[in-house]
Amino acid sequence: MEKEDQETSAVEPLSPISQLFLSPTLYCVIIFTLGFKTRCNPSSIVEGIKNTWIKFPRFSCKLEMKKNGKAVWVPTTYEVEDHVIVPDIDYSNIENPDQFIEDYTSNIANTPMDMSKPLWEFHVLNIKTSNAESLCIGKLHHSLGDGMSLMSLLLAISRKTSDPEALPTTAATRKHVDSNDKDWWLVGRFWFMIRIIFTTVIELFKYCLTLCFMRDTKTPLKGKPGDRVQSRKVIHRIISLDDVKLVKNTMEMKVNDVLLGMTQAGLSRYLSRKYDEDTVAEKKKIRLRGTVIVNLRETTKIEDLANMMAKGSKSRWGNFVGIVIFPLWIRSEDDPLEYVQRAKSTMDIKKLSMESLICYGVIKFAMKMFGEKVVETLVKRIFDHTTLAFSNVMGPDEETSFFGHPMSYVAASALGGSQALIIHFVSYVNKIVINLAVDTTVIPDPYLLCDDLVESLNIIKLAALEKGVHKMEV
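Written out as structure tokens, the structure reads:
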């Protein structure tokens, strides 16, 4: 009886979103790549994980299905060495290391995880690529946590290269003081609440239309409605964060606005290649939207996670996220800056809306009242009726080492659902990594799409420079 009581107390139920990520049609994993500046020592990775990673309860548990169909986390014993994989590869015979890594990463992404053990693994490859001397490719089931939590955990087990004892910092970890708070009048607050309510009602109405019947236009980027994509190609490209900040500062907006604007311009450029001159006019009627996963909790503090692994303290965890439907401006604009201006306008509306929070509340309520199958059907319709998924995660601002290995870059992508295109942006110091996960049966030329995204940023940057020079002259 005592043993049964201990096992019951150790069992932890999954959050509603985590439960959805286990369903066959919404099954979702996270693939991330750490590029190192030196050769990797697998023993150091294993020892580091033993001292940090496995002290986090979720990474020492396996999933078990109860009789009522609900999954729970159950503590288990395992060997860390079984989860740190060093493939036996003859690197000397590899002619194109970059292509090899892409194929290796795609193969990992498309291989189902063994659900009978903890849902994470690391692959260590001592192969030199154009951007790193060695790599560590990780695979995590999305039920372990949302993107922001997992990035915070990654940073919590990393250290500054300049100070091996100090935790890395990000823009999200710094405190910002809003000097305008003291200037708010009662009337201003009231008007602000009216705007929130009005915007939320409008966005929820659009959400309902999407659930019922409103689909995106059939384009060369739109996947076929149905089950999740069985096989994806995963690629990434590194661009300069300074270029993005140049546009951001010139246009007086956020980095996320610039990335969304670049995405709109890149997709417009790609689609313009796919349409002949007779159908150019039809492009103005294209409805193309993306689903954006929004983190709803306060930023997970790196210090809290580090203390938890060192001292056994507690920290909030899970998938506390909502789904926002983001309309993308697909046009052939003469002014490249129009794409980022449109992105900022749309993002300002989304920031006012409580769409993401209400979405999470509805999923939680529906899961409790109607069960997983009903919620799975609703969320699947959202993915089927939209074209792509999009997210942006901020990495460290300073050079960072991972268990003694100085990092060159961080790439990450979440793969799941029925959408043929998934775009993730991850920043690291002065770089941003564009991550594409595509269904090649729908998008057979992902490198061309990636080129169009990069070229669009260059065109937007040149336009911003001209605008900046014009301001100075005036």
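Numbering follows UniProt numbering, in which position 466 of the sequence shown is assigned residue number 466; successive positions increment by one, without gaps.
The C-beta atom is built at its ideal place from N, Cα and C for all residues, glycine as well.
Given the structure is predicted, the values throughout are model-derived calculations rather than measurements.
- Taking a C-beta distance under 8 Å as the contact criterion, G417 and F390 do not qualify as a contact pair.
- Of the candidates V84, D334, A366, V84 places its Cα closest to the Cα of I45.
- Annotation for H141: the continuous beta strand (DSSP E) segment containing it runs 134 to 141.
- V229 is not a Cβ neighbour of A109, given a cutoff of 8 Å.
- Taken through DSSP and simplified to helix, strand or coil, R159 comes out as strand.
- Sequence-distant Cβ neighbours of V258 in its own chain, meaning closer than 7 Å and more than five residues away, are V244, V247, K248, V340.
- In the DSSP assignment, F36 falls within the unbroken beta strand (DSSP E) covering 28 to 36.
- For P97, the uninterrupted alpha helix (DSSP H) run begins and ends at 97 to 110, by DSSP.
- Non-local C-beta neighbours of G226 in its own chain, meaning closer than 8 Å and more than five positions away in sequence, comprise D384, S418, ordered along the chain.
- Going by beta carbons, I325 and R289 fall inside the 8 Å limit.
- Ranked by Cα distance from L144, the first of M262, Q19, Y104 is Q19.
- Between the alpha carbons of I422 and S268 lies a gap of roughly 16 Å.
- The secondary-structure analysis by DSSP pairs N435 across a beta bridge with H236, H424.
- DSSP places E376 inside the alpha helix (DSSP H), whose first and last residues are 372 to 385.
- A straight-line Cα-Cα distance of about 6 Å links D439 and K233.
- Under the DSSP assignment, A343 falls in the alpha helix (DSSP H) whose first and last residues are 337 to 352.
- In the three-state reduction of the DSSP assignment, M369 falls in the helix class, which pools H, G and I.
- Cβ atoms of V454 and Y428 stay farther apart than 8 Å, at about 17 Å.
- Rounded to the nearest whole angstrom, the C-alpha separation of K66 and D163 is 47 Å.
- Residue pairing for P13: DSSP places it in a beta bridge opposite V72.
- Remark: C-beta atoms of T200 and M354 approach each other more closely than 8 Å.
- In the three-state scheme derived from DSSP, where H, G and I count as helix and E and B as strand, W53 is classed as helix.
- Here W120 is bridged, per DSSP, to L140.
- Cα atoms of A166 and I330: separation of roughly 45 Å, rounded to the nearest angstrom.
- Taking every protein chain shown into account, the CB of W53 has 16 or more other CB atoms within 10 angstroms, so this residue is buried.
- Cβ neighbours of M367 within its own chain (closer than 6 Å, five residues either side excluded): P16, V375.
- With contacts defined as CB atoms closer than 8 Å, S408 and A132 qualify as a contacting pair.
- For the 8 Å CB-CB criterion, I323 and I358 do not form a contact.
- Residue environment for M369: exposed (fewer than 16 other C-beta atoms within 10 angstroms of its C-beta).
- DSSP, reduced to helix, strand and coil, places S408 within a strand of the structure shown.
- Here DSSP, grouped into helix, strand and coil, assigns E64 to strand.
- Note on geometry: alpha-carbon atoms of P336 and A463 lie some 7 Å from one another.
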